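>
Numbering (UniProt numbering), first residue to last: 1 to 316.
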């Protein structure tokens, strides 16, 4: 087990290095100059920039050095978990992330809990309903969650439950009522995916000999699903759930923008708009680290769910 964890952590370091390298290359290849954006400030695209001031600021930020020197310095900073200062605000990147992280963690936890509870409930309903047409109808309905874009879901929720019915606040953050609509909008695709994957896995498991034997011995359909089939059918859904956690930052960008919530999503959109390279690199590192750690945790849980699974250092 220890060797397996060390190998996976080594693979995770490679994944982080690759993600950071790609982000460095992309940021330096896209059009736009962060120095010009910073000096223009609120003046807009048409405002002029003093060349001398631009050169001085570029030197101060280290952007006048050759790309390979910038890259090596960037990698060394990432190894020390030091991402420098924000181009846009001049604050330490760690402080910028620290201000935005709690709101996103709150939204992520609520949306993941909704996705898990409602996705599993839909899958169980699709397995326990008395007739095949009803079971198929439930699984078919969950496809809507995958097909509808998150921003469209957010807009519809705002129109119906905020502007027309007035049940929930439309924008910002505060008490629990501010969290309901953005959490559901972010969770809806996950609900559909979990229900689809777990529902089909349960259907396959219910056809296995051990489940048929349990049914022949008098087990009810409820017991056959929840006691005998669910544990084995949960493995693909666990993998999917791990991927959902790793991708929560990407979904938060849209959701937090629609609902005007402060957080990593809104920070990412602003950092891209202002070419704030240090913040973008830190966000890429954070998303990559989250992906690596969550998937490692999911792998370690597999043997607990299914004792037949043995983790070896050569597993992928």
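C-beta atoms are modelled at their ideal positions from N, C-alpha and C, and glycine is treated no differently.
Given the structure is predicted, the values throughout are model-derived calculations rather than measurements.
Assess, as a yes-or-no matter, whether the stretch 150-162 is touched by the stretch 252-261 under the definition of 3 or more beta carbon pairs within less than 8 Å.
They touch, by the three-pair rule.
> Per DSSP, residue 85 is paired with what?
Beta-bridge pairing links residue 85 to 92.
> What is the residue span of the alpha helix (DSSP H) that residue 67 lies within?
67-79 is the span of the alpha helix (DSSP H), which, as asked, contains residue 67.
> Nearest-angstrom Cα distance between residue 70 and residue 76?
Residue 70 and residue 76: Cα-Cα distance of roughly 10 Å.
> In the DSSP assignment, the alpha helix (DSSP H) including residue 270 goes from what residue to what residue?
Residue 270 -> alpha helix (DSSP H) spans 264-273.
> Which same chain residues end up closer than 6 Å to residue 162 when comparing Cβ atoms and leaving out the 5 residues on each side of it in sequence?
These residues qualify, in order along the chain: 168 and 170.
> Suppose contacts are defined by Cβ-Cβ distances below 8 Å. Is residue 318 in contact with residue 110 by that definition?
Since the first residue shown for the chain is 1 and the last is 316, residue 318 is missing from the structure and cannot be characterised.
> Report buried or exposed for residue 178, applying the criterion of at least 16 other Cβ atoms within 10 angstroms of its Cβ.
Burial call: buried.
> Please state the DSSP three-state secondary structure of residue 133.
The answer is helix: DSSP assigns residue 133 an H, G or I state.
> Can you grab the Cα-Cα spacing for the pair residue 122 / residue 295, in whole Å?
Approximately 24 Å between the Cα atoms of the pair.
> Would you decide whether residue 228 is buried or exposed? Buried here means 16 or more other CB atoms lie within 10 Å of its CB.
By the neighbour-count rule (16 or more Cβ atoms within 10 Å), residue 228 is buried.
> Mapping the DSSP letters down to three states, classify residue 189 as helix, strand or coil.
Reduced to three states, the DSSP call for residue 189 is helix.
> Quick one: any contact between the stretch 177-191 and the stretch 207-220, if contact means 3 or more CB pairs under 8 Å?
Because the criterion of three Cβ pairs below 8 Å is not met, the stretch 177-191 and the stretch 207-220 do not touch.
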